[in-house]
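Below is one structure; the comments refer to it alone.
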Amino acid sequence: MKRRPKRPTDEQAMLIAKAGLMTRDWLVLWESGSQMCLVHRGNGKTRRIEI
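Residue numbering for the sequence shown follows UniProt numbering, starting at 1 and increasing by one per position.
As C-alpha coordinates, this is what we get:
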(Lines of atoms letter the chains of each structure in order from A; the text may use other names.)
(Lines give C-alpha, C1' and ligand atoms only; values in the text may rest on other atoms or scores of the structure.)
Protein backbone atom coordinates (compact mmCIF):
# COMPACT_ATOMS: atom_id res chain seq x y z
CA MET A 1 0.00 0.00 0.00
CA LYS A 2 1.35 3.41 -0.97
CA ARG A 3 1.52 6.22 1.51
CA ARG A 4 -0.35 9.43 0.83
CA PRO A 5 1.70 12.64 1.09
CA LYS A 6 0.40 15.24 3.55
CA ARG A 7 0.77 18.97 3.86
CA PRO A 8 3.65 19.81 6.26
CA THR A 9 2.90 21.01 9.77
CA ASP A 10 4.42 24.29 10.94
CA GLU A 11 7.37 22.50 12.56
CA GLN A 12 7.97 20.40 9.44
CA ALA A 13 7.74 23.51 7.25
CA MET A 14 10.45 25.17 9.33
CA LEU A 15 12.72 22.14 8.84
CA ILE A 16 12.04 22.13 5.09
CA ALA A 17 12.90 25.82 4.87
CA LYS A 18 16.04 25.24 6.93
CA ALA A 19 17.11 22.66 4.32
CA GLY A 20 16.88 25.40 1.67
CA LEU A 21 13.65 24.25 0.01
CA MET A 22 10.43 26.12 -0.73
CA THR A 23 7.85 24.79 1.73
CA ARG A 24 4.87 25.32 -0.57
CA ASP A 25 6.38 23.00 -3.20
CA TRP A 26 6.87 19.94 -0.97
CA LEU A 27 4.59 17.42 0.75
CA VAL A 28 5.64 15.08 3.58
CA LEU A 29 5.51 11.38 2.71
CA TRP A 30 6.88 10.08 6.03
CA GLU A 31 8.88 11.23 9.02
CA SER A 32 11.09 9.22 11.34
CA GLY A 33 13.23 10.29 14.26
CA SER A 34 16.14 11.41 12.08
CA GLN A 35 14.81 11.81 8.53
CA MET A 36 11.86 13.19 6.60
CA CYS A 37 10.89 12.05 3.11
CA LEU A 38 9.40 14.76 0.89
CA VAL A 39 7.58 14.60 -2.45
CA HIS A 40 7.59 17.53 -4.87
CA ARG A 41 4.10 18.74 -5.76
CA GLY A 42 4.89 19.43 -9.41
CA ASN A 43 7.08 16.62 -10.69
CA GLY A 44 6.71 13.92 -7.99
CA LYS A 45 10.42 13.60 -7.21
CA THR A 46 11.26 12.44 -3.70
CA ARG A 47 13.90 13.84 -1.40
CA ARG A 48 15.09 12.92 2.09
CA ILE A 49 16.31 15.54 4.53
CA GLU A 50 17.95 15.13 7.93
CA ILE A 51 16.00 16.43 10.89
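Backbone N, C-alpha and C define an ideal beta-carbon position, used for all residues, glycine too.
Here the structure is a predicted model, which is why all the values come from computation and not from measurement.
Checklist entry - Quick one, which of Thr23, Gly20 and Leu29 has its alpha-carbon nearest Lys6's? => result To locate residue 6, count along the sequence shown from 1; it is residue 6. Of the candidates Thr23, Gly20 and Leu29, the one whose C-alpha sits nearest the C-alpha of Lys6 is Leu29.
Item to check | Alpha-carbon spacing of Thr9 relative to Met1, whole angstroms | outcome: Mapped onto the sequence shown, residue 9 falls at position 9. Mapped onto the sequence shown, residue 1 falls at position 1. If I take the Cα positions, the gap works out to 23 Å.
Checklist entry - Taking the alpha-carbon positions, what's the Ile16 to Met22 distance? => result Looking up residue 16 in the sequence shown gives position 16. Looking up residue 22 in the sequence shown gives position 22. The alpha-carbon of Ile16 is positioned some 7 Å away from that of Met22.
Item to check | Cβ neighbour criterion (16 or more within 10 Å) applied to Met14 | outcome: The residue you call residue 14 lines up with position 14 of the sequence shown. Met14 comes out exposed.
Item to check | Range covered by the alpha helix (DSSP H) that runs through Leu38 | outcome: Within the sequence shown, numbered from 1, the residue matching residue 38 stands at position 38. No alpha helix (DSSP H) holds Leu38; the beta strand (DSSP E) holding it covers Gln35 to His40.
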